[in-house]
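Participant:
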Amino acid sequence: MMIKYKLEKSSPSRTQSAGRTFLKTILFTIISLAIGCAPNEEGCLDIDATNFDVSADKQCENCCTYPNLKLNIFHSISTVGTVQADTCINHSGDSTLTNGDDNFFQVKDISFYLSDFQMVMFDGTIVEVEDTITLNIFNDASGTTFKDTLVKDDFVLVERSQFSYTIGEFRTPGLYSKISFKVGLDASLNSTNDTLVTSHPLSDTEERHFDTREEGYILQQFSIVKDTTTNSTDVETYQIGKDFFNTVLVELDYEKRFEPGFDIEIPIKVKYGEWMKGINFATDDELTIKSQIVNNTADAFEIDE
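Each residue of the sequence shown is one higher than the last, beginning at 11 in the numbering used here.
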């Protein structure tokens, strides 16, 4: 005969139950104190910032940094033997170039101002950089009176030897359809009474003024060897200011989604074949050349895909 035993778990005594409850209470108290005593970690809680900190408990004061809107410039022009084809990127000043006519020349130096950048979203919203600057702007051409004026600080001085530029702080991610900017400077900004830091595009140290401040900035400048077929190395510099134009508007389609927390880089190709189209530096007079450069300006830019 087999005898079966049923083992039953004995119930804890009152003393054991009280002990366990006491231990649980002590453990809960220790954890609560540890959590309560841990300092709140400060950090940037703005998801659009470049230093967004998901682990932060408390927003820090003025610690967030934001993305920049940047330009990547590609200087493009056709080389000898290739008619009106932009094949030479970021060309040398010693390269012999052509704009498609029977004129062969060298571009020794290039510089021009860009300003008033606007990014256009698909719903039509216009977004600009956040940077501003106060300029002492002359009230009249005499330069005897001026006023402090707060303006958007998105000035860029493009030069042949430089390819990357920071336009300013940009805080609005999203889906965009266009970019627009102006070649040159608005008339109200063309004469100022400021001594700006050396690094600023409107600084006096850039030597971007004509002989007097009232004449304004040199908005476009091209230094050209006019005709290489004569073996001449003489350089002619064309300086264009407000006597010819103040600004030319450029509008380009650019469908792009900008993600929060990241810099935005706009790739712009400058097509000097288009900018100098219809010009014969060897035979045209200075007035004709300057006028044609201004007339061609809007067609000289495109998005570099």
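Quick reminder that beta carbons are idealized off the backbone N, C-alpha and C, glycines included.
Quick caveat, the model's predicted, so the values are computed rather than measured.
When the cut-off is 8 Å and only beta carbons count, does Ile57 lie next to chain C?
Facilitator: Absent here is chain C; the protein component of the structure consists of one chain.
Participant: Report the residue ranges of all beta strand (DSSP E) runs contained in full by the stretch 256 to 299; include only those spanning at least 3 residues, in chain order.
Facilitator: Runs found: 257 to 268, 274 to 281.
Participant: Answer with buried or exposed for Ile57, where buried requires no fewer than 16 other C-beta atoms within 10 angstroms of its C-beta.
Facilitator: Residue mapping note: residue 57 aligns to position 47 of the sequence shown, counting from 1. Result: exposed.
Participant: Which of helix, strand or coil does DSSP assign to Leu199?
Facilitator: Locating residue 199 in the sequence shown gives position 189, where the first residue counts as 1. Of the three classes helix, strand and coil, the one that applies to Leu199 here is helix, per DSSP.
Participant: Any idea if Asp309 is buried or exposed, counting beta-carbon neighbours within 10 angstroms, 16 or more meaning buried?
Facilitator: The residue given as residue 309 occupies position 299 in the sequence shown. Under this definition Asp309 is an exposed residue.
Participant: Helix, strand or coil, according to DSSP, for Ser86 in the structure here?
Facilitator: In the sequence shown, counting from the first residue as 1, residue 86 sits at position 76. In the structure shown, Ser86 sits in a strand (DSSP, three-state: E or B).
Participant: Is there at least one non-hydrogen atom of the ligand HEM closer than 7 Å to the beta-carbon of Pro183?
Facilitator: No copy of the ligand HEM appears in this structure; indeed no ligand is present at all.
Participant: Have a look at Asp196 and Lys266 and give me their C-alpha separation to the nearest angstrom.
Facilitator: Here residue 196 refers to the residue found at position 186 when the sequence shown is read from its first residue. Here residue 266 refers to the residue found at position 256 when the sequence shown is read from its first residue. Using only the alpha carbons, I get a separation of about 28 Å.
Participant: Within a Cβ cutoff of 6 Å, which residues of the same chain sit near Ser2, ignoring the five residues on either side of it in sequence?
Facilitator: Past the boundaries of the shown model lies residue 2; the chain is included only from 11 to 315, so the question cannot be answered.
Participant: Beta carbon of Asn78, beta carbon of Phe173: below 8 Å?
Facilitator: The residue labelled residue 78 in the question sits at position 68 within the sequence shown. The residue labelled residue 173 in the question sits at position 163 within the sequence shown. Contact: no.
Participant: Looking at the structure shown, is Leu17 part of a helix, part of a strand, or coil, going by DSSP?
Facilitator: Numbered from 1 along the sequence shown, position 7 holds the residue referred to as residue 17. Residue placement at Leu17 is flagged as unreliable, the pLDDT there being 42, under the threshold of 50; the coordinate-derived value follows with that caveat. Here Leu17 sits in coil by DSSP.
Participant: In terms of alpha-carbon separation, which member of Val193, Asp263, Phe255 lies closest to Val130?
Facilitator: Taking the sequence shown and counting its residues from 1, one reaches residue 130 at position 120. Cα-wise, what sits closest to Val130 is Asp263.
Participant: What is the residue span of the beta strand (DSSP E) that Lys118 lies within?
Facilitator: Looking up residue 118 in the sequence shown gives position 108. 114 to 131 is the span of the beta strand (DSSP E), which, as asked, contains Lys118.
Participant: I believe Thr144 touches Thr159 by the beta-carbon criterion, under 8 Å. Please report the beta-carbon distance rounded to the nearest angstrom.
Facilitator: As a working note, residue 144 is residue 134 in the sequence shown. As a working note, residue 159 is residue 149 in the sequence shown. Between Thr159 and Thr144 the Cβ distance is about 7 Å, and since that is below 8 Å, they are a contact.
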